[in-house]
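Accompanying notes for the structure given below.
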Amino acid sequence: MSIKENYTITVLGCGVMGTAVVSAILNAEFSPYPSKIICCTSREESALNLKKKLNHEIIEVSYGSEANSKAAKKADIVILACKPYMYETVLSQAPINNGSLLISLLAGVTTKELQKYSVNVAKVMTNTPAQYGCGTAMVSFSDPEAEEKYGDLVMKLINPVGLAMKIPEKNMDAATALVGSGPAFCLLMMESLIDGGVRMGIPFAVAKDAAAKVMEGTAKMVLETGDHPAALKSKVCTPGGTTIGGLLKLEDAGVRGSIARAVEEAANISASFAKK
Ligand SMILES: NC(=O)c1ccc[n+]([C@@H]2O[C@H](COP(=O)([O-])OP(=O)(O)OC[C@H]3O[C@@H](n4cnc5c(N)ncnc54)[C@H](OP(=O)(O)O)[C@@H]3O)[C@@H](O)[C@H]2O)c1
Ligand SMILES: *[C@@H]1O[C@H](CO)[C@@H](O)[C@H](O)[C@H]1NC(C)=O
Ligand SMILES: *[C@@H]1O[C@H](CO)[C@@H](O)[C@H](O)[C@H]1NC(C)=O
933 MSIKENYTIT
943 VLGCGVMGTA
953 VVSAILNAEF
963 SPYPSKIICC
973 TSREESALNL
983 KKKLNHEIIE
993 VSYGSEANSK
1003 AAKKADIVIL
1013 ACKPYMYETV
1023 LSQAPINNGS
1033 LLISLLAGVT
1043 TKELQKYSVN
1053 VAKVMTNTPA
1063 QYGCGTAMVS
1073 FSDPEAEEKY
1083 GDLVMKLINP
1093 VGLAMKIPEK
1103 NMDAATALVG
1113 SGPAFCLLMM
1123 ESLIDGGVRM
1133 GIPFAVAKDA
1143 AAKVMEGTAK
1153 MVLETGDHPA
1163 ALKSKVCTPG
1173 GTTIGGLLKL
1183 EDAGVRGSIA
1193 RAVEEAANIS
1203 ASFAKK
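Residue 933 is where the sequence shown starts when you use the numbering used here, and the numbers rise one by one after that.
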């Protein structure tokens, strides 16, 4: 580990995603722990709101490009979480210290592009459930040296959003589809379960909570047992019963292929953005 104790993290662009990561860090315990986190926004109003929301002794907030630049100078680690289109402006105005680590949350910006601003880059793809500590994060590094130097620390900093896993950068478009778009695909499935419940007479509010809990519980079974979903599914199917009847309807409609192709399409679109 090449980071000193009492290090400082600067978050350039602390909006929805930046705040999710910082809140997760504040709720976690690990070592070495940052002694200061400076959260930078563009507007004073956002900075004041952050101060209230993240109310903690290690948090500082600031706004505007001059403050960004000061905060970047103090940083051992910069977390980049502004909108993707503005990153070049933000990093030009707030240069990163030589040797400091850059952790990017930006969709569609490669570590190669970011190495113009810092030698050591980690790219993180996470999702909106990170706001509730149930996010998924895929992490890749600009090169083996960056991973060697900072890998453990990056995983400690990002894992608190929920679950962080390392992948090679060539899988990032697929990760953007599975992790980034995945919640929307799950929500569509959840809506269908609710519709079915309502169709058969369950009040909407009850069907909604039931469907959400069914998805949460099912996910928990997979995460806790480590079993293949097919094995768990097979255990739920009584011969001649209700579940196998419903499953065959789904297979007839090609639901399995459709969902897998949705991930493929989203990954293709992510890759096409990168080519522009
Ligand atoms: N939202 C998602 O579901 C999601 C999922 C995966 C990845 N991402 C990635 O996360 C990144 C951030 O997305 P987000 O949804 O969190 O955006 P957001 O909520 O709009 O946050 C952007 C932040 O950047 C600040 N900002 C704007 N200009 C700035 C400047 N010149 N200097 C410093 N800060 C500046 C904004 O401050 P003000 O509030 O003062 O304007 C705001 O705090 C994006 O690159 C996106 O690709 C997002
Ligand atoms: C950054 O530091 C390395 C050695 O630590 C040095 O070789 C390199 O020239 C420095 N780069 C800049 C831009 O100062
Ligand atoms: C994704 O792109 C590949 C390669 O261009 C193509 O063969 C495939 O059909 C595309 N997938 C979808 C779902 O459109």
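Every residue gets a Cβ at the ideal spot worked out from N, C-alpha and C, and that includes glycine.
Task: Closest by C-alpha distance to Phe962, when choosing among Thr973, Glu937, Ala952 and Asn981 - done: Closest by alpha carbon: Glu937.
Task: Below 7 Å from a heavy atom of ligand 3 - residues by beta-carbon - done: The answer, residue by residue, is Arg1193, Glu1196, Glu1197 and Asn1200.
Open item on the list: For Ala1144 and Lys1002, what's the separation of their Cα atoms in angstroms?
Closed with: Distance between the alpha carbons of Ala1144 and Lys1002: 45 Å.
Open item on the list: I'd like to check one pair, Ala1203 with Asp1075: are the Cβ atoms closer than 9 Å?
Closed with: It is not a contact, given that the beta carbons lie outside the stated cut-off.
- [ ] Check whether the Cβ atoms of Gly1114 and Val1168 lie closer than 9 Å to each other.
- [x] At the C-beta level, Gly1114 and Val1168 stay beyond 9 Å of one another.
TODO: Count the CB pairs spanning the region 1083-1099 and the region 1114-1131 that are closer than 8 Å, and state whether there are at least three.
DONE: Contact fails: fewer than three Cβ-Cβ distances are below 8 Å.
Task: For Ala1026, three-class secondary structure by DSSP - done: Of the three classes helix, strand and coil, the one that applies to Ala1026 here is coil, per DSSP.
Open item on the list: Could you check whether Pro966 and Thr940 sit closer than 9 Å to each other, using their CB atoms as the reference points?
Closed with: The answer is yes: Cβ separation under 9 Å.
- [ ] Whole angstroms is fine: what's the gap from Ser1072's alpha carbon to Pro1016's?
- [x] Annotation: Ser1072 to Pro1016 spans about 17 Å, alpha carbon to alpha carbon.
- [ ] Take the Cβ of Ala1185 as the centre, count every other Cβ of all protein chains shown within 10 Å, and call the residue buried at 16 or more, exposed below.
- [x] Ala1185 comes out exposed.
Task: Burial state of Leu980 (16 or more Cβ within 10 Å) - done: With a threshold of 16 other beta carbon atoms within 10 Å, Leu980 falls short and is exposed.
Task: Buried or exposed by the 16-neighbour rule on C-beta atoms within 10 Å, applied to Ser1036 - done: It is buried - the Cβ of Ser1036 has at least 16 other Cβ atoms within 10 Å.
Open item on the list: Please identify the residue among Ile991, Pro1092 and Val1111 whose C-alpha is closest to the C-alpha of Ile1099.
Closed with: Comparing Cα-Cα distances from Ile1099 to each of Ile991, Pro1092 and Val1111, the minimum goes to Val1111.
- [ ] Give every residue of the same chain whose Cβ lies closer than 7 Å to the Cβ of Asn1000, excluding the five residues on either side of it in the sequence, and list them in chain order.
- [x] Around Asn1000: Leu944, Cys972, Val1022, Gln1025 and Ala1026.
Open item on the list: Less than 8 Å separating the Cβ of Ala979 from some heavy atom of ligand 1?
Closed with: In terms of side-chain proximity, the C-beta atom of Ala979 is found nearer than 8 Å to a non-hydrogen atom of ligand 1.
- [ ] Report the three-state DSSP secondary structure of Ala1039 (helix, strand or coil).
- [x] Here Ala1039 sits in coil by DSSP.
Task: Short Cβ contact (9 Å threshold) for Asn1030 with Ala1007 - done: It is not a contact, given that the beta carbons lie outside the stated cut-off.
Task: Cα-Cα separation, Arg1188 to Asp1159 - done: If I take the Cα positions, the gap works out to 19 Å.
TODO: Go through its chain and collect everything with a Cβ distance to Pro1161's Cβ below 7 Å, but skip five positions before and after it.
DONE: Same-chain partners within the cutoff: Val1154.
Task: Proximity of Glu992 and Ile969 at Cβ, strictly below 9 Å - done: The answer is yes: Cβ separation under 9 Å.
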